[in-house]
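Visitor:
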Amino acid sequence: MDSPVFILSTGRTGTQFFEDYFNQTSKAMCRHEPWPSRRFKFLSNLYLNQKVSPQRVGRIYRNSRKKLFRSLKGRSYIESSNFIFGCMPPLKEMYGEVKIIHIVRHPLSYVSSHLGKGFWKGHKRFFAKHVPYWLETLDVEDRSDPLLLLAARWNYVNTRIASYVDGYPYLRIRFEDLFSEDPGTASRKLNQIREFCGLSPLDPLENEGWLRHPKNVSLRKHMLTSAEAESILTSCSELMKEYQYSAEQA
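Each residue of the sequence shown is one higher than the one before, counting from 291 in our numbering.
1) With respect to the alpha helix (DSSP H) encompassing Y400, which residues constitute its N-terminal and C-terminal limits?
2) Could you spell out the range, first to last residue, of the beta strand (DSSP E) harbouring S434?
3) Please work out which residues of its chain come closer than 7 Å, Cβ to Cβ, to L428, disregarding the five sequence neighbours upstream and downstream, and give them in chain order.
4) In its own chain, which residues sit with a C-beta less than 7 Å from the C-beta of P379, not counting the 5 before and 5 after it?
5) Can you round the beta-carbon distance between L523 and S402 to whole angstroms, since I take them to be within the 8 Å contact cut?
6) In whole angstroms, what separates the C-alpha of E498 from that of Q340?
7) Could you tell me the boundaries of the beta strand (DSSP E) in which Y389 lies?
8) Which stretch, first to last residue, makes up the beta strand (DSSP E) that contains V295?
9) State the DSSP-derived secondary structure class of H420, mapped to helix, strand or coil.
10) Please list the terminal residues of the continuous alpha helix (DSSP H) segment that includes Y337.
11) How far does the beta strand (DSSP E) with L461 in it reach, from first residue to last?
12) Do three or more CB pairs link the stretch 414-431 to the stretch 316-324 at distances below 8 Å?
13) When you compare the CB positions of S316 and S371, do they come within less than 8 Å of one another, or not?
14) At what residues does the alpha helix (DSSP H) containing I350 begin and finish?
15) Note the first and the last residue of the continuous beta strand (DSSP E) segment covering E538.
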């Protein structure tokens, strides 16, 4: 198998879109959070806290994808999953090389989208509050405050993924550019991703047709108060500068 490509993010970055897009416009196989997937959320955090060996992470991944990889039949493989963001070193050790596509999103719209999708409701809230290693190890004063948690998580997860710029083929794309209202910008970003994956670019009109149909869009968005937004912006200001985000872009 060629070097696998992993599309990584904090989540709520539109990456479910890629499964149908790649599978129907290329010879690559793309899977979004292929089953079993959530175990890698725990494994990412366990590995980053040195609670599990890289060899064990690699074995679990290989065994979980065995049937899927048998069906590749020479095709390249692209996996889109925010759960597996911390597992890249063990997978690089196993496969020799893995490629990283890092999708980033403005922290205000990320927090709003995540809360609108139920981050602090039902079983997700229970897991976040009580289940070890479901959430990352985050430096927050109040772990019962979802806004503080999500702002800290935005910093932590993006910083971890960005660390792969050293030692991995790495491409960072902003969510706002990929799904831009300017079809030319959006298509160029999509073709940049294709070329990074070793795939031929598509005609802009074909790309634009795909981009008109995003997946897993939040129907409800948490409306942030001005005080909440200010708190998030203050917490995330350093990375926002690196990603060229301003407060008005959310």
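Backbone N, C-alpha and C define an ideal beta-carbon position, used for all residues, glycine too.
This structure is a prediction, so every number in the text was calculated from the model and none was measured.
Guide: Reading it off the structure:
1) As a first step, residue 400 is located in the sequence shown; it is residue number 110 there, counting from the start. Per DSSP, Y400 belongs to the alpha helix (DSSP H) from 397-406.
2) Locating residue 434 in the sequence shown gives position 144, counting from the first residue. Premise fails: S434 is in no beta strand (DSSP E) and is neither H nor E.
3) Numbered from 1 along the sequence shown, position 138 holds the residue referred to as residue 428. Hits under 7 Å: L439, A442, R443, Y446.
4) Position 89 of the sequence shown, counting from 1, holds the residue named residue 379. For P379, where only same-chain residues beyond five positions count, the Cβ hits under 7 Å are P344.
5) Indexing the sequence shown from 1 puts residue 523 at position 233. Indexing the sequence shown from 1 puts residue 402 at position 112. At roughly 13 Å, the Cβ-Cβ gap does not stay under 8 Å, so L523 and S402 are not in contact.
6) Residue mapping note: residue 498 aligns to position 208 of the sequence shown, counting from 1. Residue mapping note: residue 340 aligns to position 50 of the sequence shown, counting from 1. Approximately 43 Å, taken between the alpha carbons.
7) One-based indexing of the sequence shown puts residue 389 at position 99. What sits at residue 389 in the sequence shown is Lys, not Tyr. Unbroken beta strand (DSSP E) run through K389: 389-394.
8) In the sequence shown, counting from the first residue as 1, residue 295 sits at position 5. Start and end: 295-298.
9) Taking the first residue of the sequence shown as 1, we reach residue 420 at position 130. DSSP places H420 in helix when its eight states are reduced to three.
10) Within the sequence shown, residue 337 is the residue found at index 47, counting from 1. Element bounds for Y337: 329-338.
11) As a working note, residue 461 is residue 171 in the sequence shown. Counting along the chain, the beta strand (DSSP E) containing L461 begins and ends at 460-464.
12) no
13) Numbered from its first residue, the sequence shown carries residue 316 at position 26. Numbered from its first residue, the sequence shown carries residue 371 at position 81. Cβ atoms of S316 and S371: not closer than 8 Å.
14) In the sequence shown, residue 350 corresponds to position 60, counting from 1. First-last of the alpha helix (DSSP H) with I350: 344-354.
15) In the sequence shown, residue 538 corresponds to position 248, counting from 1. Looking at the DSSP string, E538 is not in any beta strand (DSSP E), and its letter there is neither H nor E.
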